[in-house]
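A short write-up of the structure that comes next.
Number of protein chains: 2
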Amino acid sequence: MKKHHNILLGHGSGGKLTHDLIEQLFASRFSNPILAQHGDSALLPSSTDMITFTTDSFVVDPVVFPGGNIGHLAVAGTVNDLAVSGATPRYLSAGFIIEEGFPMATLELIVETMANEARKAGVLIVTGDTKVVDKGKCDKIFINTSGIGFLSADRNHISGGGRIQPGDKIIINGSIGDHGMAIMAARNDLKISTEITSDCACLNHLIETALDGCSEIKFMRDATRGGLGTVLSELVAGKPYGLLVDETRFLVRNNVRGLCEMLGFDPLYVANEGKVVMIVGEREADAVLSRLKEHPLGENASIIGEITQSHPGMAWLDTLVGGKRIIEMLSGEQLPRIC
Amino acid sequence: MKKHHNILLGHGSGGKLTHDLIEQLFASRFSNPILAQHGDSALLPSSTDMITFTTDSFVVDPVVFPGGNIGHLAVAGTVNDLAVSGATPRYLSAGFIIEEGFPMATLELIVETMANEARKAGVLIVTGDTKVVDKGKCDKIFINTSGIGFLSADRNHISGGGRIQPGDKIIINGSIGDHGMAIMAARNDLKISTEITSDCACLNHLIETALDGCSEIKFMRDATRGGLGTVLSELVAGKPYGLLVDETRFLVRNNVRGLCEMLGFDPLYVANEGKVVMIVGEREADAVLSRLKEHPLGENASIIGEITQSHPGMAWLDTLVGGKRIIEMLSGEQLPRIC
Chain A
1 MKKHHNILLG
11 HGSGGKLTHD
21 LIEQLFASRF
31 SNPILAQHGD
41 SALLPSSTDM
51 ITFTTDSFVV
61 DPVVFPGGNI
71 GHLAVAGTVN
81 DLAVSGATPR
91 YLSAGFIIEE
101 GFPMATLELI
111 VETMANEARK
121 AGVLIVTGDT
131 KVVDKGKCDK
141 IFINTSGIGF
151 LSADRNHISG
161 GGRIQPGDKI
171 IINGSIGDHG
181 MAIMAARNDL
191 KISTEITSDC
201 ACLNHLIETA
211 LDGCSEIKFM
221 RDATRGGLGT
231 VLSELVAGKP
241 YGLLVDETRF
251 LVRNNVRGLC
261 EMLGFDPLYV
271 ANEGKVVMIV
281 GEREADAVLS
291 RLKEHPLGEN
301 ASIIGEITQS
311 HPGMAWLDTL
321 VGGKRIIEML
331 SGEQLPRIC
Chain B
340 MKKHHNILLG
350 HGSGGKLTHD
360 LIEQLFASRF
370 SNPILAQHGD
380 SALLPSSTDM
390 ITFTTDSFVV
400 DPVVFPGGNI
410 GHLAVAGTVN
420 DLAVSGATPR
430 YLSAGFIIEE
440 GFPMATLELI
450 VETMANEARK
460 AGVLIVTGDT
470 KVVDKGKCDK
480 IFINTSGIGF
490 LSADRNHISG
500 GGRIQPGDKI
510 IINGSIGDHG
520 MAIMAARNDL
530 KISTEITSDC
540 ACLNHLIETA
550 LDGCSEIKFM
560 RDATRGGLGT
570 VLSELVAGKP
580 YGLLVDETRF
590 LVRNNVRGLC
600 EMLGFDPLYV
610 ANEGKVVMIV
620 GEREADAVLS
630 RLKEHPLGEN
640 ASIIGEITQS
650 HPGMAWLDTL
660 VGGKRIIEML
670 SGEQLPRIC
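Those protein sequences? They're chains A and B, same order as listed.
The C-terminal residue of the first sequence carries number 339 in this note's numbering, and the numbering is unbroken.
The C-terminal residue of the second sequence carries number 678 in this note's numbering, and the numbering is unbroken.
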């Protein structure tokens with residue numbers, strides 16, 4: 001069988017080339033009994049738990065960057081969206097839109113990464129789709145992943161955040177801004193002495209560790225596009241409570257802070273791909289923090305602030321320089337194609 | 340609030356513009372209680388049925404064509420993939436990748452169409468994602484829809500096709516080639532006197548009608564990319580049975596046949612977006628055919644051939660001109676970006 005070094009339009013035709021690509025690349029890497037059914041849809045076992053369902057398209061530029069590639073993001077992003085609702089992520093779909101001429105070797109790398117990440121996270125890629133568009137009609141490759149998780153009734157309260165109240169602590173599992181600045185550095189080919197690495201990671205095992213035996217984790221969200229600032233501002237918008245966080249408690253790596261200053265970005269709004277914000281009842285906050293710190297993805301976790309009775313609907317920041325300011329929702333585009 | 344006439348990069352930032360776009364366009368049109376939860380993932384009720392899960396990305400060019408638009412396809416394509424497994428389609432996700440500068444009015448039309456089609460099909464759009472890429476980095480708009488359906492145990496046999504045997508009849512619900520040729524005519528701005536209209540439609544209600552009280556529908560597949568020919572050739576590949584279909588029983592509309600001849604296409608391989616191929620036990624074939632014909636989307640249904648004991652693994656065609664030929668799997672690209 002002929003080996004192609006680049007993606008051809010025919011790979012998206014639904015005919016023999018598509019068939020070969022699916023068999024030789026996707027099915028062999030993503031291999032599992034459900035995918036092997038090869039139906040128009042994947043058949044999954046029923047569950048008495050509630051179902052959580054999410055989708056995300058990834059258009060990151062460049063597709064390969066320090067710390068990961070678009071396939072890494074596509075698995076982690078969707079796994080994390082499921083995990084922050086308190087669900088156990090189980091099944092993913094993968095939809096590829098590929099530009100004609102895209103190197104087969106890069107596609108193989110991406111698919112390999114997706115397979116590895118899915119394996120580590122304990123999820124199965126069970127259904128997929130491939131489209132190829134003419135050269136110049138998309139930029140290299142876009143990937144959509146949708147995901148299904150199962151949510152047991154005793155964790156049902158997490159996704160809505162309905163139990164949040166003043167005094168609850170705000171925890172994040174580590175440094176902010178790494179992913180966004182890794183992409184910016186890679187994109188602009190900046191000569192930075194210290195390489196910045198994306199924090200891209202599946203957080204479901206870390207979150208399981210924190211949730212295990214804990215009943216006071218009241219809300220979680222991953223701080224991706226729009227960064228920590230957007231999560232905080234959305235968290236209190238229209239709510240009968242506010243929040244106050246302390247900038248001195250945020251970990252921002254020196255190389256990330258340096259590049260942010262150079263390019264004029266505020267790390268608070270720079271995308272992360274391996275950071276979860278948790279709202280935890282006061283009594284359990286220290287216990288949750290200790291558990292997070294035991295996991296490699298949470299070793300730099302910290303309590304960064306708390307939910308307040310005062311200034312409802314607003315997120316306030318105690319700044320590094322000693323002042324106070326409101327964390328606004330970002331209005332325009334800070335970093336396009338960051339994920 | 341400022342009304343934008345075109346999509347800006349900021350609409351994909353995850354900040355305020357994204358928020359406004361979601362509220363004003365997506366949430367208002369797709370409105371339902373599950374979507375209104377606004378979580379990272381949608382929370383769906385559990386079910387004792389098996390779950391079916393599918394994904395499809397749509398990159399059709401042009402995005403608006405006679406008989407529909409990309410939004411129409413995005414809903415129908417995924418609903419149909421679920422329905423042909425015997426499942427009841429229930430929930431969809433919608434992931435948009437939009438080119439900077441895309442007209443807001445066209446996006447509104449597309450979203451409106453998706454909302455209408457979903458309503459008619461009885462499915463809810465419960466979760467979504469929006470990315471915007473710089474001008475020239477994608478072609479207008481790409482949409483991914485993933486879908487969840489529920490499959491009761493008594494229909495479990497349909498998706499795998501394991502009960503197919505010689506003597507079973509092959510049924511299709513109407514004419515072939517309409518969608519593909521509608522796109523070609525629209526794309527090339529051909530001056531064709533009789534306008535060709537896409538057959539794009541959600542088939543789940545038609546399929547329900549056929550399945551209701553019937554136990555001998557053994558397999559279904561929608562004949563999209565690659566057309567009827569690809570479905571037939573895949574149906575028997577590697578199987579201990581073959582099939583024989585009769586070209587005189589295929590309905591090909593005159594304008595579709597004319598354009599196919601002009602452009603050198605074989606209607607057998609041209610995409611449909613509202614056609615399902617059913618394999619039905621001999622005893623029930625006439626009953627299923629009558630039921631299909633009572634539905635507007637099945638009025639031109641016909642039995643086009645049968646599963647054979649002879650020539651296992653091969654699909655044979657009795658041609659219009661009186662010969663016989665093998666229906667091969669299409670090897671390259673016939674029509675790029677048809678869906």
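Note that beta-carbon positions come from the ideal geometry of N, C-alpha and C, so glycine has one too.
Where the beta strand (DSSP E) through residue i begins and ends
i: B:E362; result: Neither: B:E362 is in no beta strand (DSSP E) and is coded neither H nor E.
i: A:E201; result: The identity of residue 201 of chain A in the sequence shown is Ala, whereas the question assumes Glu. Where A:A201 is concerned, there is no enclosing beta strand (DSSP E), given that its DSSP letter is neither H nor E.
i: B:L561; result: Contrary to the premise, residue 561 of chain B reads as Asp rather than Leu in this sequence. 556 to 561 is the span of the beta strand (DSSP E), which, as asked, contains B:D561.
i: B:V584; result: 581 to 585
i: A:S57; result: 50 to 58
i: B:L602; result: Segment 593 to 602 is the alpha helix (DSSP H) holding B:L602; no beta strand (DSSP E) there.
i: A:T130; result: 124 to 133
i: A:K318; result: For clarity, residue 318 of chain A is Asp in the given sequence; the question names Lys instead. Unbroken beta strand (DSSP E) run through A:D318: 315 to 318.
Spatial neighbours of residue i in its chain, beta-carbon cut-off 7 Å, leaving aside the 5 residues before and after
i: B:R368; result: V450, E451, A454
i: A:K293; result: E299, A301
i: A:Q37; result: L43
i: B:K578; result: P651, G652
i: A:K169; result: V280, E282, A285, I303, E306
i: A:F65; result: A182, I183, A186, S198
Cutoff 6 Å; reference residue i; Cβ partners in own chain excluding five residues on either side
i: B:L674; result: G519
i: A:S146; result: T55, S93
i: B:A654; result: L571, S572, V575, L582, I666
i: A:M329; result: S233
i: B:R588; result: S641, I643
i: B:A457; result: V414, I464
i: B:A562; result: V570, N611, K614, V616
i: A:G149; result: T52, L82, A87, T88, P89, R90
8 Å contact criterion, which residue i and residue j should meet: CB distance rounded
i: A:I279; j: A:I307; result: 7 Å
i: A:A74; j: A:F58; result: 5 Å
i: B:P651; j: B:G581; result: 5 Å
i: A:H19; j: A:M104; result: A:H19 to A:M104, Cβ: 16 Å. No contact.
i: B:A415; j: B:A610; result: Wrong, their Cβ atoms sit about 12 Å apart, outside the cutoff.
i: B:A549; j: B:P401; result: The pair is not a contact, with the Cβ atoms about 33 Å apart (cut-off 8 Å).
i: B:L590; j: B:G513; result: 6 Å
Local Cβ density within 10 Å of residue i, reported as buried at 16 or more and exposed below that
i: B:D420; result: buried
i: A:L9; result: buried
i: A:P89; result: buried
i: B:T658; result: exposed
i: B:E547; result: exposed
i: B:S554; result: exposed
i: A:R325; result: exposed
i: B:D468; result: buried
i: A:K310; result: A quick correction: the sequence has Ser, not Lys, at residue 310 of chain A. Answer is exposed; the Cβ neighbour count stays below 16.
i: A:D40; result: buried
i: B:L529; result: exposed
i: B:R622; result: exposed
i: A:N204; result: buried
i: A:D144; result: According to the sequence shown, residue 144 of chain A is Asn rather than Asp. Classification for A:N144: buried.
i: A:D212; result: exposed
i: A:F31; result: The sequence shown places Ser at residue 31 of chain A, not Phe. Classification for A:S31: exposed.
i: A:E195; result: exposed
i: A:S290; result: exposed
Range of the contiguous alpha helix (DSSP H) that encloses residue i
i: A:T230; result: 227 to 236
i: B:N495; result: 495 to 499
i: B:K459; result: 443 to 460
i: B:E633; result: 621 to 633
i: B:T417; result: 409 to 422
i: B:I522; result: 517 to 526
Nonlocal neighbours in the same chain, by C-beta distance under 8 Å from residue i, ignoring five residues either side
i: A:A153; result: D49, M50
i: A:V60; result: I70, L73, I183, R337, I338, C339
i: A:T225; result: Residue identity check: residue 225 of chain A is Arg in the sequence provided, not Thr. Correct list, in chain order: A271, I338, C339.
i: B:I361; result: G467, T469
i: A:L151; result: D49, M50, I51, T52, S85, G86, A87, T88, S159
beta-carbon residue i near the ligand ADP non-hydrogen atom, thresh 8 Å
i: B:G500; result: Ligands displayed in this structure: none; no statement on the ligand ADP is therefore possible.
Review point. Okay, do the region 581 to 599 of chain B and the region 507 to 517 of chain B touch, 3+ Cβ pairs below 8 Å being the bar?
Key: Under the 8 Å Cβ criterion, the region 581 to 599 of chain B counts as touching the region 507 to 517 of chain B, having at least three qualifying pairs.
Review point. Contact between the region 500 to 515 of chain B and the region 474 to 483 of chain B: three or more CB pairs below 8 Å?
Key: no
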